[in-house]
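Here's the structure, in structure tokens; my notes come after.
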Amino acid sequence: MIQKILVPIAFSQHSQGMLDYAAELAESLDAELLIVNIISTRDIEAVERISSYGYKVDTEHYLETIRKDRGAQIIELTEKLTLPDERVSFSFRMGDPTTELLKMIVEQEIDMIVMGVKTRDFTAMFTGSVAERLFRKCPITVVSYRDKTTAGKLHRRAEKLLDKKHI
1 MIQKILVPIA
11 FSQHSQGMLD
21 YAAELAESLD
31 AELLIVNIIS
41 TRDIEAVERI
51 SSYGYKVDTE
61 HYLETIRKDR
71 GAQIIELTEK
81 LTLPDERVSF
91 SFRMGDPTTE
101 LLKMIVEQEI
111 DMIVMGVKTR
121 DFTAMFTGSV
131 AERLFRKCPI
141 TVVSYRDKTT
151 AGKLHRRAEK
161 LLDKKHI
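Per UniProt numbering: the sequence shown ends with 167, consecutive numbering throughout.
What follows is the structure in structure tokens.
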């Protein structure tokens, strides 16, 4: 039985659709929806590296700003969800995204994760590589979300493959 659904949000162009999809699943399964955003250690290390070159960059200030900005974005993304507030939670984690998601899955006894797939823009490529690692390592069901545009393209590509086999 699915009681907890995790949806990692990277604030890509597909985040709203993925969140809406995960919320629909949670609603139909009477499950909780746990939304997480992971601040990558790579980003933190980059800020620390810049600081080591003498630039006035404060890691704590950077993290505070990131949390504030992303918190505002998540409020905007979740405004239209129809799930009751008590069934939706949001958290930040810091670290390697794949590792942090796996930890969260085990620690919070998550039953399903809804993730986006790799696309061609830079942010989504990073998210995509996390998704690929999770597909291999994840001990629970991983649902691969596709927006309508991506699904349409993949459907047409599959149809072409079928047409070629019938020739």
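Even glycine gets a Cβ: it sits at the ideal position worked out from N, Cα and C.
Going by DSSP, what residue range makes up the beta strand (DSSP E) through residue i?
| i | result |
| --- | --- |
| E32 | E32 to S40 |
| L6 | K4 to P8 |
| I140 | Taken as a continuous stretch (DSSP letters only), I140 belongs to no beta strand (DSSP E), as it is neither H nor E. |
| I66 | Taken as a continuous stretch (DSSP letters only), I66 belongs to no beta strand (DSSP E), being part of the alpha helix (DSSP H) at T59 to T78. |
| M112 | M112 to M115 |
Report the three-state DSSP secondary structure of residue i (helix, strand or coil).
| i | result |
| --- | --- |
| G95 | strand |
| M18 | helix |
| L104 | Note that residue 104 is Met in the sequence shown, not Leu. The answer is helix: DSSP assigns M104 an H, G or I state. |
| S144 | strand |
Can the beta-carbon of residue i be found less than 7 Å from the beta-carbon of residue j?
| i | j | result |
| --- | --- | --- |
| I110 | L6 | yes |
| Q3 | A31 | yes |
| T59 | V47 | yes |
| G95 | T41 | yes |
Exposed or buried, what is residue i when buried is set at 16 or more other beta-carbons lying within 10 Å of its beta-carbon?
| i | result |
| --- | --- |
| V130 | buried |
| M125 | Residue placement at M125 is poorly supported in this model, since its pLDDT is 45, which falls under 50; the coordinates are not used for a value here. |
| G54 | exposed |
| K164 | exposed |
| T78 | buried |
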